[in-house]
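Participant: Quick one: the structure is below, questions incoming.
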Amino acid sequence: MEGARQRRDILTRGACRCCAAAGYHRELMKEYNFEGNREVYAEIFMECFNINLDTHNTSNLICSSCIHRLRDANSFREMVLAGQRALQDVDPLQRGEFAQGTVS
Numbered sequence: 001m002e003g004a005r006q007r008r009d010i011l012t013r014g015a016c017r018c019c020a021a022a023g024y025h026r027e028l029m030k031e032y033n034f035e036g037n038r039e040v041y042a043e044i045f046m047e048c049f050n051i052n053l054d055t056h057n058t059s060n061l062i063c064s065s066c067i068h069r070l071r072d073a074n075s076f077r078e079m080v081l082a083g084q085r086a087l088q089d090v091d092p093l094q095r096g097e098f099a100q101g102t103v104s
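In terms of full-length UniProt numbering, the sequence shown has 77 at position 77, counting the first letter as 1, and numbering is strictly consecutive.
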C-alpha cells in the first residue's frame with residue numbers, strides 16, 4: 001500500500017507536454033531518481049535538444065512513453081559525445097584510416 005501511495009503522489013492527471021496523451025504523468029520540472037541517477041526531464045530536454053520548455057501557460061507533464069524516448073535520445077547523445085572524445089585521443093593517422101574505412 002505504501003508503494004502504491006508513493007507512486008500516486010508523483011503522478012498528475014493531465015496531458016503530456018510532448019505527445020498530448022491524456023493520463024497520469026510525471027512533472028517536467030520535478031527531480032526524480034532513475035537507476036540511481038538524478039533526472040529532471042526539462043534539464044534533459046535542454047542538454048539534449050537545447051529546448052527550454054516553457055511550462056508557464058501549458059502542460060508541465062510528461063508521459064512514461066516520452067520519458068523512455070527522452071532517456072533513449074539522451075543515451076544516444078552521450079554515446080556520440082564519448083565516441084568523439086575517443087576519436088580525439090586517436091593518432092591523426094589512424095583517424096584518417098578510420099575515415100577511409102581501411103582499418104577493420
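Here a beta-carbon is modelled for each residue, glycine too, at the ideal position from N, C-alpha and C.
Note that the structure is a prediction, hence the values are computed from the model and not measured.
Return the residue from the list Ile67, Leu28 and Phe76 that minimises the CA-CA distance to Asp54.
Facilitator: Among Ile67, Leu28 and Phe76, the Cα nearest to that of Asp54 belongs to Leu28.
Participant: Is the separation between the beta-carbon of Cys16 and that of Cys48 shorter than 8 Å?
Facilitator: Against a cut-off of 8 Å, the Cβ pair of Cys48 and Cys16 comes out as no contact.
Participant: According to DSSP, is Leu81 helix, strand or coil?
Facilitator: Here Leu81 sits in helix by DSSP.
Participant: Glu43 lies in the alpha helix (DSSP H); which residues open and close that run?
Facilitator: Residues Tyr41 to Phe49.
Participant: Relative to the C-alpha of Phe45, which candidate in Ser75, His25 and Thr12 has its C-alpha closest?
Facilitator: Cα-wise, what sits closest to Phe45 is Ser75.
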